[in-house]
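First the structure, in the form of structure tokens, and then the observations on it.
Chains as they are written, first to last, in the working numbering: chain A, 2 to 301; chain B, 546 to 678.
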């Protein structure tokens, strides 16, 4: 019974982590939040992967034919609930589905990198104009440590005054310069390993935008960056279909308020998330140790 | 107070160069070094701005013309080799938008427009009226 509690707890912990990730992202300083989100996200994803591997392993080990083959014929010690066959099968299906998710997101990352390379090729200057009446700006960097490109549409250019435009360029430049695509890739992979961490991935994206906003604010001023954001948002026609954050308020509004609000930011949730990740690893280690004991005892 | 909160340590030269380029690109007319300097947040030394502009010119990222005793600089503009439609469809392809980082703003629902207008007014009120131009 305790084995089950231990082995399932990384999933429960990552569920809580996913739930609190967005609120953490909105309260903490973006760089601090990014670090915590990514590290604890990776740890939690690793722990849940280990957890499901353990369940599958024990389940398969108890299937009669496998046990006979490996000479595991001993009795299961008291207190151990051996997964029934249906549970083992369900776990194996889940492993397959998760593997497919990871492969898909890896493929999506490769795809976007290729598309970014296509966009980047032939850009002669660091800033490129796109003759499009729709307002948007894109930062594009296919390969780390190669110069990136910023694309700005005529629509956005017409919607903003020179100072606001400079702040948009600073924002996009921050994405390029700080290798934000790598953070995004990492968060995408983590979220694909564990569906409960999907919101953690969204929180990372939010922090990336916030970090770029802060950079733009040091160049162009907080208020100017805020007006640029609001104006661009009001002009915008939806181009990229993004998964909306599961919240009543729009992302942009949060970002503008963060820019206008100079209060120093504290984040007790940072500790919470780190604690959850540490706990997940701890329980998984105990569960793994338990499993080892189980295998030892039934081997004789 | 508000602007002093996040005091940047001396900016790297490359970063300043990027900022100068952004200023040139965003401007609607050629700018002389003095004008560029005025548009930078915490105005660096005049000679620094001149050096950067000269460097941008030598790199082929800016053109210049004489205006009185100084040069006025314009950012060299390149356009995307792709049509707007192709560009957009490339951005839209695939739900994951990793390396092509999502642009300045995300999708906006109608309900949020009113709040955004309110925030815009707040931001405009905060923007210092005479200090920037």
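All C-beta atoms in this analysis are idealised placements derived from N, C-alpha and C, irrespective of residue type, glycine included.
Using a Cβ-Cβ cut-off of 9 Å, residue 125/A counts as an interface residue toward chain B, since at least one Cβ of chain B sits closer than that to its own. One alpha carbon belongs to residue 7/A, the other to residue 87/A, and they sit about 20 Å apart.
Measuring C-alpha to C-alpha distances from residue 30/A to each of 208/A, 192/A, 108/A identifies 208/A as the nearest. Cβ-Cβ distances below 6 Å link residue 132/A to 155 in the same chain, with the five nearest sequence neighbours on each side left out; the list follows chain order. A residue is called buried when at least 16 other Cβ atoms come within 10 angstroms of its Cβ; residue 4/A meets this threshold and is buried. In the pairwise beta carbon analysis, the region 615-622 of chain B is classified as touching the region 563-577 of chain B: at least three pairs are separated by under 8 Å. For residue 583/B, the secondary structure class from DSSP, reduced to helix, strand or coil, is helix. Taking the CA atoms as reference points, residue 273/A sits about 19 Å from residue 192/A.
In the DSSP assignment, residue 128/A falls within the unbroken beta strand (DSSP E) covering 128-131. Close to residue 616/B, with beta-carbon spacing below 9 Å, lies no residue of chain A; the smallest spacing is near 19 Å. Contacts between residue 174/A and chain B, judged by CB atoms closer than 8 Å, involve 563, 567 in chain order. Excluding five sequence positions before and after residue 595/B, the CB atoms of its chain that fall closer than 8 Å to its own CB belong to 578, given in chain order. In the three-state DSSP reduction, residue 610/B falls in the strand class (E or B).
Around residue 18/A, the same chain offers 45, 274, 277 as residues with beta carbons nearer than 6 Å, after the five sequence neighbours per side are excluded. Here residue 154/A carries a strand assignment [DSSP, helix/strand/coil].
Going by DSSP, residue 58/A is part of the alpha helix (DSSP H) stretching over 31-63. Membership of residue 628/B in any alpha helix (DSSP H) is not indicated, and neither H nor E is assigned to it by DSSP. Scanning its chain for C-beta atoms nearer than 7 Å, with the 5 sequence neighbours on each side dropped, one finds around residue 609/B the residues 602, 616, 617, 618, in chain order.
The CB of residue 581/B never comes closer than 7 Å to any CB in chain A; the least such distance is about 11 Å. If you look at residue 16/A, you'll find it in the alpha helix (DSSP H) that goes 3-28. Taking 9 Å as the Cβ-Cβ cut-off, the region 153-178 of chain A approaches chain B at 153, 154, 155, 157, 158, 161, 162, 163, 164, 165, 166, 167, 168, 169, 170, 171, 172, 173, 174, 176, 177, 178, given in chain order.
Under the Cβ criterion of 9 Å, residue 29/A is not counted among the residues facing chain B. Around residue 658/B, the same chain offers no residue with a beta carbon nearer than 6 Å, after the five sequence neighbours per side are excluded. Interface with chain B (9 Å Cβ-Cβ cutoff): residue 120/A is included. Contacts with chain A at 9 Å (Cβ-Cβ) do not include residue 609/B. The CB of residue 606/B comes closer than 8 Å to the CB of 126, 127 in chain A, given here in chain order. Rounded to the nearest whole angstrom, the CA to CA distance from residue 56/A to residue 89/A is 7 Å. Between residue 102/A and residue 196/A, the C-beta gap is smaller than 9 Å, which places the two residues in contact. In the pairwise beta carbon analysis, the region 33-51 of chain A is classified as not touching the region 569-587 of chain B: fewer than three pairs are separated by under 8 Å. Residue 53/A places its beta carbon less than 9 Å from that of residue 95/A. Contact between the region 223-235 of chain A and the region 175-186 of chain A is absent: fewer than 3 CB-CB pairs across the two stretches fall below 8 Å. Within the same chain, Cβ atoms closer than 7 Å to the Cβ of residue 227/A are found at 257, 260, 261, the five residues on either side in sequence being excluded. Contact of residue 603/B with chain A is not assigned, every C-beta pair being separated by 9 Å or more.
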